[in-house]
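Chains as they are written, first to last, in my numbering: chain D, 130 to 550; chain P, 130 to 550. A virtual CB, placed ideally from N, CA and C, is assigned to each residue, including glycine. For reference, the structure discussed in these notes is given below.
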């Protein structure tokens with residue numbers, strides 16, 4: 130029986146010659162995401178992986194349904210596997226807004242789903258770091274969020290040579306458009322054209338722009354001029370104060386495809402331009418009110434960073450650590466009379482937080498030694514008795530090849546000296 | 130807009146006077162589950178939250194569909210939100226068995242779903258620790274798995290006064306039954322009656338047993354005698370060697386409702402009997418072969434432990450820690466001329482792994498101090514300048530009320546002295 134198309138299995142380590150993802154890699158990414166978000170005083174939240182379909186159509190219109198993993202449940206409810214986290218966030222905040230001091234700084238690590246026509250290798254799910262600040266309109270909040278994005282990527286070892294956050298302003302684009310086209314209903318169409326500018330044939334873009342009464346030249350001139358708004362200047366200055374100026378540039382090519390952005394928008398890219406955007410986000414001051422049906426009216430800014438592009442980029446830059454069982458030791462039981470005492474020592478060491486394995490059944494010394502090496506344990510040991518009957522631990526450090534004899538109570542201290550695995 | 134019935138929202142901390150769960154509580158449980166499983170040399174895996182419906186009907190028959198959160202997807206596939214992890218595990222192992230040395234020791238932390246008729250407060254999802262050992266029939270593997278279960282519960286502070294693992298043997302029950310009833314097709318029916326014995330009216334149980342040609346007395350006598358099999362003796366002796374004898378007892382009341390168990394079965398209960406089973410599992414040596422369509426033939430033993438009962442029990446025993454933002458400091462910016470320098474210091478400290486918050490906008494000294502206290506930060510500080518223009522940090526430890534003045538480069542060392550938050 131096969132898994133469903135577009136879904137991933139997560140083996141402990143990546144399968145040989147197969148995809149880059151694995152449970153250990155996912156944990157590695159999640160731990161960094163969490164650690165940096167917490168250092169920024171963001172709190173974690175989550176919601177159900179299934180929500181009422183209406184939560185998404187309210188925000189994005191009925192057109193969105195074509196891309197959703199939606200279905201009718203046994204209670205005849207129209208539901209969808211969540212395609213994004215923002216509507217759930219808005220629902221949660223609106224329901225208990227008064228419990229929380231503003232600004233609210235929250236993050237989540239949801240698995241998100243979509244059901245587009247299947248293309249080879251195209252995934253129907255991914256995990257995402259979602260970070261949002263609600264209830265603060267000052268550009269200082271925008272800067273905090275962009276700084277978090279930068280520091281998350283830096284935590285994986287990526288540098289200013291690897292990536293850049295391109296900052297732009299939806300307001301600047303909105304002003305540009307409304308000065309040239311009176312029909313504000315066409316604004317979203319315009320944003321979509323600009324969003325595709327870098328990927329589309331300029332002739333095509335020119336034709337589409339002409340239909341709105343604009344020329345490609347005036348659009349590209351506006352991008353080239355790149356004259357930052359006051360808001361953008363404030364964000365760049367704030368990031369500069371933090372020592373993060375090298376990681377950002379104002380770039381009006383970025384506009385973001387979605388309709389609901391209201392201020393600063395941004396995307397993080399690898400500098401070689403080999404991958405899709407690593408992360409993207411922006412300010413959406415009207416969305417919480419819309420989704421909550423007016424129950425809560427909170428300004429907001431947020432970003433999402435998926436696990437798939439990030440993992441591919443880290444692999445490409447050789448920044449993924451070795452994933453293995455991370456064992457302090459493999460205990461060899463070569464004398465069955467010492468199995469009970471070995472189990473007791475293993476128990477004591479595991480209780481102290483150390484990771485150990487051993488053979489459940491009698492096996493030759495060679496076989497147990499081989500298994501110790503295959504399991505990538507740092508050390509292997511066996512129990513022995515002195516002529517007077519006292520227990521001794523004969524241990525070999527498999528990294529340094531060093532051999533030593535210890536009393537059982539000293540083993541924990543030795544393991545501690547191995548440091549973090 | 131409301132969330133779907135039977136699903137949970139996870140706010141950072143539990144909402145006042147509401148349910149016990151929260152994102153922080155979930156992380157707390159997940160971290161302990163992971164830490165203990167890793168110390169036992171178990172590796173983490175995961176699969177998709179949706180699988181082909183057939184994966185579950187193959188194992189449990191068509192009757193199971195009534196309890197599943199199943200639907201037809203847009204590609205006209207019959208699919209289900211996973212109700213349990215074992216079929217996914219069997220699928221994964223069967224697909225790449227040769228990559229893995231036996232025994233395989235794996236764990237997962239899946240969210241599982243069911244769609245039974247909705248009862249008030251009854252959940253349709255929960256999270257579960259699933260741990261399994263595949264490819265080893267020796268009772269030493271059974272003992273290792275039960276030891277893991279015990280140590281997971283102990284890691285939360287639960288003691289032998291709080292819980293006990295009741296060990297039983299499906300083989301013993303099978304022998305008991307086949308000696309008395311020739312129709313082996315009725316065995317599953319018999320197991321179901323025994324499984325309900327402690328909860329059901331004895332008269333009812335008696336009638337049902339009589340229909341199979343058995344008397345309630347011979348069944349209860351067999352339970353009372355509780356004569357352990359050789360296998361159970363081996364498991365108990367092994368656990369005793371580890372010093373875990375106080376946490377188990379042989380108890381033939383346990384039989385487990387599911388059809389596929391083949392050896393030892395067990396359940397963990399709170400000793401006061403106030404909660405449903407905390408965890409349960411057993412040996413299922415034929416299931417991997419069945420689910421994999423014969424592709425892999427591996428003996429197996431596993432257990433599942435849900436987050437809901439565990440969380441209720443920990444709350445009842447006052448064993449849940451305080452969940453808050455865990456901040457090393459709240460930085461007060463009282464002089465806007467020092468905002469840039471404050472941001473720089475905050476950046477340096479966050480990069481060193483410390484968690485800090487501050488006010489995005491100018492606010493009164495009182496207001497910022499109040500916010501520091503509300504955020505439960507351990508300390509609060511502000512920058513100041515010496516007459517010669519050097520930066521100073523004026524810090525107050527909010528736990529000890531101690532006030533001190535440091536140079537900026539000393540703050541990290543002070544935070545380190547706070548220890549784990």
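Specify whether the region 196-203 of chain P and the region 259-269 of chain D touch according to this definition: at least 3 beta carbon pairs, one from each stretch, less than 8 Å apart. no
Drop a sphere of 10 angstroms on the beta-carbon of residue 242 (chain P), count the other beta-carbons inside from all chains shown, and report buried for 16 or more, exposed for fewer. buried
At a CB-CB cut-off below 7 Å, which residues of chain P make contact with residue 156 (chain D)? 173
Could you spell out the range, first to last residue, of the alpha helix (DSSP H) harbouring residue 189 (chain P)? 183-189
Span of the beta strand (DSSP E), counted from its first residue to its last, around residue 525 (chain P): 520-526
Could you name each continuous beta strand (DSSP E) segment of 3 residues or more that falls completely within the region 415-460 of chain D, going from the start of the chain to the end? 429-435
Given this structure, state the Cα-to-Cα distance separating residue 443 (chain P) from residue 450 (chain P), to the nearest angstrom. 10 Å
Residue 220 (chain D) and residue 421 (chain D) look like a contact to me (Cβ under 8 Å); what is the Cβ gap, rounded to whole Å? 7 Å
Cα-Cα separation between residue 159 (chain D) and residue 343 (chain P), rounded to whole angstroms: 55 Å
Own chain partners of residue 152 (chain D) with C-beta closer than 6 Å, once the 5 adjacent residues on each side are dropped: 139, 141
Based on DSSP bridge pairs, tell me the residues matched to residue 500 (chain P). None; residue 500 (chain P) has no bridge partner.
May I ask you to list, following chain order, the residues of the region 198-212 of chain D that have a beta carbon less than 9 Å from some beta carbon of chain P? 198, 199, 200, 201, 202, 203, 204, 206, 208, 210
Have a look at D:461, D:191, D:475 and flag the residue whose alpha-carbon is nearest the alpha-carbon of residue 500 (chain D). D:461
Is it buried or exposed, residue 265 (chain D), if we count other Cβ atoms within 10 angstroms and call 16 or more buried? buried
Residue range of the alpha helix (DSSP H) that residue 162 (chain P) falls in? 152-168
Given 8 Å, three or more beta-carbon pairs between the region 478-489 of chain D and the region 268-284 of chain P: yes
Rounding to the nearest angstrom, what Cα-Cα distance links residue 375 (chain D) and residue 545 (chain P) in this structure? 29 Å
So, with DSSP's three-state summary, where would you put residue 349 (chain D)? helix
Cα-Cα separation between residue 208 (chain P) and residue 531 (chain D), rounded to whole angstroms: 54 Å
Inter-stretch contact at 8 Å, needing at least 3 Cβ pairs: the region 306-324 of chain D / the region 356-374 of chain D: no
Which residue from D:145, D:165, D:133 puts its Cα closest to that of residue 184 (chain P)? D:133
DSSP bridge partner residues for residue 297 (chain P) (one or two, in chain order): P:394
Span separating the alpha-carbon of residue 498 (chain P) from that of residue 504 (chain P): 10 Å
Under 6 Å Cβ to Cβ from residue 418 (chain P), same chain only, skipping five residues before and after it: list those, please. 426
Can you look up residue 332 (chain P) in the DSSP assignment and give me helix, strand or coil? helix
Can you check DSSP and say which residues form a bridge with residue 259 (chain P)? P:237, P:433
Closest to residue 175 (chain D) by C-alpha separation, out of P:416, P:150, P:170, would be which residue? P:150
When you compare the region 458-475 of chain D with the region 285-294 of chain D, are there three or more beta-carbon pairs, one atom per stretch, that lie closer than 8 Å? no
Just to confirm, is the Cβ distance from residue 524 (chain P) to residue 513 (chain P) under 8 Å? no
For residue 115 (chain D), go through chain P and note every residue whose CB falls closer than 7 Å to its CB, in chain order. Since the first and last residues shown for chain D are 130 and 550, residue 115 (chain D) lies out of range.
Which listed residue (D:233, D:299, D:222) has its alpha carbon closest to that of residue 169 (chain D): D:233
Shorter than 8 Å from the beta carbon of residue 440 (chain D) to some beta carbon of chain P? no
Residues of chain D with CB closer than 8 Å to the CB of residue 502 (chain P), please, in chain order. The contacting residues do not exist; residue 502 (chain P) stays about 11 Å from chain D at best.
Opening and closing residue of the alpha helix (DSSP H) in which residue 360 (chain D) lies: 359-370
Measuring alpha carbon to alpha carbon, tell me which of D:161, D:318, D:380 ends up nearest residue 353 (chain D). D:380
Is the CB-CB distance between residue 368 (chain P) and residue 237 (chain P) below 8 Å? no
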